[in-house]
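Notes follow once the structure below has been shown.
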Amino acid sequence: MKMERINTFAELQERHQALRHLLGLRLNEAGHKAGFERDILVCGGTGCIASASNDIVANLNAALAANGLAKKVQVLKTGCFGFCEKGPIVLVQPEHVFYTQVKPEDAKAIVEEHIIGGRPVERLLYLEPITQKRIPKSGEMPFYKKQMRIALRNCGLINPERVAEYIAAEGWLALGKVLTEYSREQVVDLMLKSGLRGRGGAGFPTGLKWQAAMKAEGAEKYIVCNADEGDPGAFMDRSIMEGDPCSVLEAMAVAGYCVGAEQGVIYIRAEYPLAIQRLEKAIAQSRELGLLGKNILGSGFNFDVRLQLGAGAFVCGEETALLRSIEGKRGEPTTKPPFPAEKGLWEVPTCVNNVETLANIPPIILKGADWFSSIGTEKSKGTKVFALAGKVNNVGLVEVPMGTTLREVIFDIGGGIRGGGEFKAVQTGGPSGGCMTKEHLDTPITYENLQAIGSMMGSGGMIVMDENTCMVDIAKFYLEFTLEESCGKCTPCRIGNKRLHELLCTITEGKAENDAIEKLEVLGEVIKKTSLCGLGQTSPNPVLSTIKFFRDEYEAHIKDHKCPAGVCKNLKQYWVVEDKCIGCTACARNCPAVCISGKVKEIHFIDQSKCIKCGVCMTKCKFGAIEIR
Numbered sequence: 000m001k002m003e004r005i006n007t008f009a010e011l012q013e014r015h016q017a018l019r020h021l022l023g024l025r026l027n028e029a030g031h032k033a034g035f036e037r038d039i040l041v042c043g044g045t046g047c048i049a050s051a052s053n054d055i056v057a058n059l060n061a062a063l064a065a066n067g068l069a070k071k072v073q074v075l076k077t078g079c080f081g082f083c084e085k086g087p088i089v090l091v092q093p094e095h096v097f098y099t100q101v102k103p104e105d106a107k108a109i110v111e112e113h114i115i116g117g118r119p120v121e122r123l124l125y126l127e128p129i130t131q132k133r134i135p136k137s138g139e140m141p142f143y144k145k146q147m148r149i150a151l152r153n154c155g156l157i158n159p160e161r162v163a164e165y166i167a168a169e170g171w172l173a174l175g176k177v178l179t180e181y182s183r184e185q186v187v188d189l190m191l192k193s194g195l196r197g198r199g200g201a202g203f204p205t206g207l208k209w210q211a212a213m214k215a216e217g218a219e220k221y222i223v224c225n226a227d228e229g230d231p232g233a234f235m236d237r238s239i240m241e242g243d244p245c246s247v248l249e250a251m252a253v254a255g256y257c258v259g260a261e262q263g264v265i266y267i268r269a270e271y272p273l274a275i276q277r278l279e280k281a282i283a284q285s286r287e288l289g290l291l292g293k294n295i296l297g298s299g300f301n302f303d304v305r306l307q308l309g310a311g312a313f314v315c316g317e318e319t320a321l322l323r324s325i326e327g328k329r330g331e332p333t334t335k336p337p338f339p340a341e342k343g344l345w346e347v348p349t350c351v352n353n354v355e356t357l358a359n360i361p362p363i364i365l366k367g368a369d370w371f372s373s374i375g376t377e378k379s380k381g382t383k384v385f386a387l388a389g390k391v392n393n394v395g396l397v398e399v400p401m402g403t404t405l406r407e408v409i410f411d412i413g414g415g416i417r418g419g420g421e422f423k424a425v426q427t428g429g430p431s432g433g434c435m436t437k438e439h440l441d442t443p444i445t446y447e448n449l450q451a452i453g454s455m456m457g458s459g460g461m462i463v464m465d466e467n468t469c470m471v472d473i474a475k476f477y478l479e480f481t482l483e484e485s486c487g488k489c490t491p492c493r494i495g496n497k498r499l500h501e502l503l504c505t506i507t508e509g510k511a512e513n514d515a516i517e518k519l520e521v522l523g524e525v526i527k528k529t530s531l532c533g534l535g536q537t538s539p540n541p542v543l544s545t546i547k548f549f550r551d552e553y554e555a556h557i558k559d560h561k562c563p564a565g566v567c568k569n570l571k572q573y574w575v576v577e578d579k580c581i582g583c584t585a586c587a588r589n590c591p592a593v594c595i596s597g598k599v600k601e602i603h604f605i606d607q608s609k610c611i612k613c614g615v616c617m618t619k620c621k622f623g624a625i626e627i628r
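To convert, note that position 376 of the sequence shown is 375 in numbering that gives the first Met the number 0; the numbers rise steadily by one, no gaps.
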């Protein structure tokens, strides 16, 4: 859609009103129609595209054309709806009928049965696992009922590749309001009053960060968006950039006005091609409309944004390492102070915020600081987006008010443990966080509460584990990730974590000495206190928290040489169940280690000293005569 340049805030407001019809059907607003009787929204996030949502779009368009409905019904790709477990998602408006796990071949049925016949396709509606009832609308689903979408407000609502739809959804109005009604100091006061804290990890107050950058002396300043999301299982920032890229650009422009910067950089890992593509389109269209570039909305304010692709180094999520990487240097952290707000990119004052933090800025400006601060708790305001994953039924993106309990997120929204299993632990904060147990399920999610337990909010990863998870193995998994991603600059992180990992390996292999746990605790605390940056300072958290809450599992590995969860390969022992063995020799014939003896029709035996724990014997036995002890 070709649009003319917008020269003033008044023109932007007029354009917003003129474009409201684009979202009329999606917002169920009477009198706002774009010549279409229905909108069919198809999830265009990375996960659903990988599950053929592009083919679903093509098939829907083909079916509509074949039935002469191409001018009455439009098909649009949106951002992520969040309910990733049930994707691909298709939403029909204005009925708000929500279809799950749609396949390309289902497109014809949606058009012929629903669009033409007026009957929702029953088999594609969400099936509630407990009641076994089909639920047609997302607002009635447990997954969405307790959510409050602020950062994700436009994901699944608008076409992210059309800036016109963002403007229709009140996009860029926050920037216009700031440029015409607020001084720089007033913007800082608004952010401070709102209580917004950084959503990327440590939770530093956004207003204080902006204030420091605003007061810093320098003719040149930068706004940097940290989009280097690298936690295992985390995809919050990616989904915002894929589903609502202009919200990030607008917030960066607001920050630029506030601190006195004219240039913005989005540091995004090259592993996010769809997010990059949509950001590039959003930047180009916004420049064309005059919402980025010179003399924005006739205010005299200049601000533009460019992308900087990262190579996928986790340590570059640390702001000083990120800045060095933008400069073309090795991505290593530097000591603080000076902080980036004083001396950052190219040695000039720089304000660094993460994607989710920025996505909260426009609604705070439009709805007010009091509105935002009324959500959440006394010290943790607003909402938080979590990537809920692991052994939980409803995997996906969850945005809830701060203060929501872990139980509500995991069991009410997440639908409980997959396969009817038993909840064991949840890891928040990714490799930098820690595990929490059943006793913490009723803990309200706040920065302070998670830190008190020994975990952290982090960027928002939330991995749920069941009774079949080995906590020693989990600690080793996260530490392996940290070892791989450490820049190696400081000795505690480079060498200390290597020693931690070696100790964990001896435990999972059944070779640890009796004082291994004490060594882990002492070394972990030293690494926390002496590492240079947040990566090293938090790297022992998974180890220390699992020791704190699951010490008995460590002791079982060390003293009894057993893995209670049956996960650690070297501690598995395969035994023949004598009253079930019929002497068929299938186990012995297939054993690659030739460690099973026994004659035909006689009970067989496994030589534990030779067994390589491959499990072939159990797989080949048809009588259940092999078990793990």
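In this text, a Cβ means the ideal position worked out from N, Cα and C, and glycines have one as well. Computed from a predicted model, the values in this text were never measured in an experiment.
Residue burial annotation: Leu365 is exposed, with fewer than 16 other C-beta atoms found within 10 angstroms of its C-beta.
Under the 10 Å beta carbon count, Arg305 is surrounded by fewer than 16 other beta carbons and is classified as exposed.
Spanning the alpha carbons of Leu499 and Ala283 requires a straight line of approximately 48 angstroms.
Rounded to the nearest angstrom, the gap between the Cα atoms of Cys489 and Ser530 is 6 angstroms. For Leu207, the uninterrupted alpha helix (DSSP H) segment begins and ends at Thr205 to Lys214. Contact between Ile222 and Val187 is absent: CB atoms are separated by about 14 angstroms, not below the 8 angstroms threshold. Membership of Asp465 in the beta strand (DSSP E) is indicated by the continuous run Gly460 to Asp465. Around the Cβ of Gln185, a 10 Å sphere holds fewer than 16 other Cβ atoms; the residue is exposed. Assigned with DSSP and collapsed to three states, Ile627 falls in strand. When Cβ pairs closer than 8 angstroms are counted between the two stretches, the region 260-273 is seen to touch the region 299-316, the count reaching three or more. A direct Cα-Cα distance of roughly 10 angstroms separates Ile462 from Val394. Judged by DSSP in its simplified three-state form, Thr382 adopts strand. Sequence-distant Cβ neighbours of Gly43 in its own chain, meaning closer than 7 angstroms and more than five residues away, are Ser52, Lys76, Thr77 and Gly78. Here Glu228 is buried: its Cβ has 16 or more other Cβ atoms, across all protein chains shown, within 10 Å. Shown here, Gly389 sits in a strand according to DSSP, grouped into three states. Boundaries of the beta strand (DSSP E) harbouring Cys42: Arg37 to Cys42, taken from the DSSP string.
The three-state secondary structure of Gly199, taken from DSSP, is coil.
Pairing Gly202 with Lys561, the inter-Cα distance amounts to about 40 angstroms. Fully enclosed alpha helix (DSSP H) runs of no fewer than 4 residues occupy 272-287 and 318-325 of the region 272-334, in order along the chain.
Rounded to the nearest whole angstrom, the CA to CA distance from Glu331 to Lys528 is 19 angstroms. Every alpha helix (DSSP H) of 4 residues or more that sits fully in the region 504-547 is shown, in chain order, as 515-529 and 533-537.
When rounded, the separation of the alpha-carbon atoms in Lys598 and Cys583 is 9 angstroms. Per the DSSP secondary-structure output, Phe604 pairs in a beta bridge with Ser596.
A distance below 8 angstroms separates the beta carbons of Glu398 and Val384. Between the beta-carbon of Val314 and that of Glu484 there is about 6 angstroms, and that keeps the pair under the 8 angstroms contact cut.
Ranked by Cα distance from Gly429, the options Tyr271, Leu478, Val471 and Lys437 are led by Leu478. Following the DSSP letters along the chain, one finds Ala57 inside the alpha helix (DSSP H) bounded by residues Ser52 to Ala65. For Gly263, the uninterrupted beta strand (DSSP E) segment begins and ends at Gln262 to Arg268. The beta carbon of Glu112 sits closer than 7 angstroms to those of Arg118 and Val120, all from its chain and outside the five residues before and after it, given in chain order. Pairing Gln426 with Glu84, the inter-Cα distance amounts to about 19 angstroms. Check the Cα spacing between Lys102 and each of Glu241, Ile88 and Cys594: the tightest is with Ile88. Within the same chain, and ignoring the five residues on either side of Gln536 in sequence, the residues whose Cβ sits closer than 6 angstroms to its Cβ are Lys527 and Ser530. The region 54-66 makes no contact with the region 90-98: fewer than 3 CB pairs, one atom from each, lie closer than 8 angstroms.
The region 164-173 and the region 338-354 do not touch, with fewer than three beta-carbon pairs separated by less than 8 angstroms. In its chain, beyond the 5 residues on either side, Ala564 have a beta carbon closer than 6 angstroms to the beta carbon of Asn467. A straight line joining the alpha-carbon of Ile363 with that of Gly194 spans about 10 angstroms.
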